[in-house]
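Enquirer:
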Amino acid sequence: MSAPNKSYDPVEVEALKPEEIERMRDEALAAFAAADSLDALHEAKVAHTGPASPLALANREIGALPPHAKAEAGKRVGMARGAVNKALATRQAELEAERDARVLVEESVDVTLPYDRVPPGARHPLTTFMERVADVFVSMGYEIAEGPEVEAEWFNFDALNFGPDHPARQMQDTFFVEGPKGDHGESGVVLRTHTSPVQARSLLDREPPVYIVCPGRVYRTDELDATHTPVFHQIELLAVDEGLTMADLKGTMDHMVQSLFGPEMKTRLRPNYFPFTEPSAEMDMLCYVCKGESVGNPDRPCRTCSSEGWIELGGCGMVNPRVLVACGVDPEKYSGFAFGFGIERMLMFRHNVEDMRDMVEGDVRFTRPFGMEI
Ligand code: PHE
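Okay, here's the thing in structure tokens:
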């Protein structure tokens, strides 16, 4: 800023000449009119009204004028600045209105569009069925137990009294994650071939009495076909307490089939062998379709049980004392029973599913008829 100068004529100061002020004002108005966005307008605002704008600089020159000249120059600059600010506010309002209108269109939601074109998913019937079965046991006071699917070979076999050369350990049946190590055949790692290792885990975890039910996924080296799948589901049951007998096992199983299939259902036992139960048995249940009436009755054949009257459920037996010992339970004091069966098979005959592959393909046409339970 120059120092006051008595002989100073505003008209002589370049920046304060009327035509200069007009030019500055018109340039500002043109710049605002040309701004086609709020960002562009902001730039024009800084250039034409900011502290370094020509009009602001001209304003500063006024201070250097002699008092008698200040008023006129001040009025001229003030009017130009007023016009510029007004034009700025008008353009600002216009551009904001345009933006708001655009956003309203871009972000509009058509509330009349159907909201449910994508049907809700359904839980897989295997899951819901497995939960129903587990619920039967939970209502009897059993506790749900779980174990890992990638399991130590020791839990899957050794603790369950499978000898070192038992054929089930072979690569043909078992997916090995890590083979046995060392000269003494230290335990390898497998994908569990059944839910029975959870028996051993539960006995090591808890003090008897133990009443557990374990639903879970198991693995065997089978090709996927109409009746096999390399990944399937089992439910394991284990009860260890004082004085349990085979009659308790049978009574528990009768209760299960009656809860799932109706009050007239019953089970039967056929001798079998498992290393971890002694004695062992195969458990059958009465065919829930013909209730045994198709047996020896060619007029009433039954597809579900092939007219045999019984359907195979799964393996069971009294827990082998060797398993109790391996898990630190005194076999003199405690006895127990165990039961294990495949869910896929049970679901197949319960719902006449003919091909196992339908259960794993995830086609909603298979799951839909089971209901949309979520
Ligand atoms: N784990 C056995 C199987 O997979 C079934 C079974 C469970 C047998 C419990 C006896 C007791 O075939």
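Every number in this note's numbering is 835 more than the matching position in the sequence shown, counting from 1.
Glycine is no exception: its CB is placed at the ideal position from the N, C-alpha and C atoms.
Values in this document were obtained by computation on a predicted structure and should not be read as measured data.
#1: Can you tell me whether Q1005 is helix, strand or coil according to DSSP?
#2: Taking 9 Å as the cut-off, decide whether the C-beta atoms of E984 and S1022 are in contact.
#3: Where does G917 land, buried or exposed, given buried means 16+ other C-beta within 10 angstroms?
#4: CA-CA distance, V1158 and S1170?
#5: Please classify P999: is it buried, with 16 or more other beta-carbons within 10 angstroms of its beta-carbon, or exposed?
#6: How about the stretch 1102-1111 and the stretch 1082-1093: do they share at least three Cβ pairs that are nearer than 8 Å?
#7: Considering only DSSP beta bridges, list what S1170 is partnered with.
#8: At a cut-off of 8 Å, is H1029 close to the ligand PHE when judged by its beta-carbon and the heavy atoms of the ligand?
#9: Can E1099 be considered in contact with the ligand PHE, in the sense that its beta carbon sits closer than 8 Å to one or more heavy atoms?
#10: Tell me Q1069's beta-bridge partners as DSSP assigns them.
#11: Drop a sphere of 10 angstroms on the beta-carbon of P1050, count the other beta-carbons inside from all chains shown, and report buried for 16 or more, exposed for fewer.
#12: For the beta strand (DSSP E) that contains E1117, what are its first and last residues?
#13: Just to confirm the assignment, what range does the beta strand (DSSP E) spanning F997 have?
#14: So the candidates are M975, A1173, D1083 and E1077; which of them puts its Cα closest to the Cα of E1042?
#15: Rounded to the nearest angstrom, what separates M836 and A866 at their Cα positions?
#16: Return the bridge partner residues of I1146 from the DSSP annotation.
#17: Please state the DSSP three-state secondary structure of V985.
#18: Take every Cβ of the stretch 885-897, pair it with every Cβ of the stretch 850-860, and state whether three or more of those distances are shorter than 8 Å.
#19: Can you look up E966 in the DSSP assignment and give me helix, strand or coil?
#20: Is M1191 helix, strand or coil when you go by DSSP?
#21: Closest by CA to A868, which one among V1053, A904, R1185 and A924?
#22: What do you get for K841, buried or exposed, if any count of 16 or more other CB atoms within 10 angstroms of its CB means buried?
#23: State the beta-bridge partners of I979 as determined by DSSP.
#24: In the structure shown, what three-state DSSP assignment does T1202 receive?
#25: With DSSP as the reference, label D945 as helix, strand or coil.
#26: With distances taken between CB atoms, is the gap from P1032 to F990 smaller than 9 Å?
#27: Given the structure, does A994 come close to the ligand PHE, in the sense that its CB is under 8 Å from one of the ligand's heavy atoms?
#28: DSSP on L890, reduced to helix/strand/coil?
#29: Under 8 Å by Cβ, that's how I've got R1135 and C1125 pegged, so tell me the actual separation to the nearest angstrom.
#30: Residues in its own chain within less than 6 Å of L1039 by CB, not counting five upstream and five downstream?
Expert: In short, the structure shows the following:
#1: Per DSSP, reduced to three states, the secondary structure at Q1005 is coil, with no helix or strand assignment.
#2: Contact flag unset, no.
#3: Note on G917: under 16 other CB atoms within 10 angstroms of its CB, so exposed under the neighbour-count rule.
#4: One C-alpha to the other measures close to 11 Å.
#5: Its Cβ having fewer than 16 others within 10 Å, P999 is exposed.
#6: Output reads yes: the stretch 1082-1093 touches the stretch 1102-1111.
#7: S1170 is bridged by DSSP to D1076.
#8: Taking 8 Å as the cut-off, one finds at least one heavy atom of the ligand PHE near enough to the beta carbon of H1029.
#9: Not so, every heavy atom of the ligand PHE lies at least 8 Å from the Cβ.
#10: Answer is G1051 and G1177.
#11: Flag for P1050 reads buried.
#12: Its beta strand (DSSP E) spans residues T1112 to L1121.
#13: Note, F997: premise wrong, no beta strand (DSSP E); not H, not E.
#14: Considering only alpha carbons, the answer is E1077.
#15: Since pLDDT at M836 reaches only 49, below the 50 mark, its modelled position is unreliable, and the value read off the structure follows with that caveat. The straight-line gap from Cα to Cα measures roughly 27 Å.
#16: Answer is M1120, bridged to I1146.
#17: Under the three-state reduction of DSSP output, V985 falls in the strand class.
#18: Yes: at least three Cβ pairs fall under 8 Å.
#19: In this structure, E966 counts as helix in the three-state DSSP scheme.
#20: DSSP places M1191 outside both helix and strand once states are collapsed to three, so it counts as coil.
#21: Among V1053, A904, R1185 and A924, the Cα nearest to that of A868 is on A924.
#22: Summary for K841: the model assigns pLDDT 49, below 50, so the residue's position carries little reliability; its value from the coordinates is reported in the next sentence. In summary, K841 is exposed, with fewer than 16 beta-carbon neighbours lying within 10 Å of its beta-carbon over all protein chains present.
#23: I979 is bridged to V1048.
#24: In the structure shown, T1202 sits in a helix (DSSP, three-state: H, G or I).
#25: D945 falls in the coil class under three-state DSSP.
#26: Yes; because the gap between Cβ atoms is below 9 Å, this pair is in contact.
#27: A994 Cβ: outside cutoff for every heavy atom of the ligand PHE.
#28: In this structure, DSSP gives L890 a helical state, which the three-state scheme calls helix.
#29: With a beta-carbon spacing of about 7 Å, R1135 and C1125 fall inside the 8 Å limit used to define contacts.
#30: Apart from sequence neighbours up to five positions away, the residues of its chain that approach L1039 with a beta-carbon distance below 6 Å are C1162, ordered along the chain.
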